[in-house]
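**Q**
The structure is reproduced here in structure tokens:
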């Protein structure tokens, strides 16, 4: 998922995607502990996507707080 796509998501959609990504990472890490993943680099990509989503969530919260303080 590209950063532009992440920015276009609504806050609720973003929250849902974050929880989905966290579940996926957990499942992949558990399966990787049992047997090697077919593509272990996919785990890295998913972690980075999650980090981008969390960053966008944080930015939205900061902007919301700043807009409330400026009123």
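Residue numbers (my numbering): 607 to 677.
Note that the Cβ used here is the ideal one computed from N, Cα and C, for glycine as well.
1) For residue 629, does the count of other Cβ atoms within 10 angstroms reach 16, so buried, or fall short, so exposed?
2) Ordered along the chain, which non-local residues of its own chain (more than five positions away) have a Cβ less than 6 angstroms from that of residue 649?
3) Would you decide whether residue 677 is buried or exposed? Buried here means 16 or more other CB atoms lie within 10 Å of its CB.
4) Would you kindly work out how many angstroms separate the C-alpha atoms of residue 655 and residue 619, rounded to a whole number?
5) Relative to the C-alpha of residue 615, which candidate in 639, 674, 666 has its C-alpha closest?
6) My understanding is that residue 612 touches residue 670, with C-beta atoms under 8 angstroms, so please give their C-beta distance in whole angstroms.
**A** Walking through what the data contain:
1) exposed
2) 634
3) exposed
4) 14 angstroms
5) 666
6) Contact doesn't hold; Cβ gap of about 17 angstroms is too wide.
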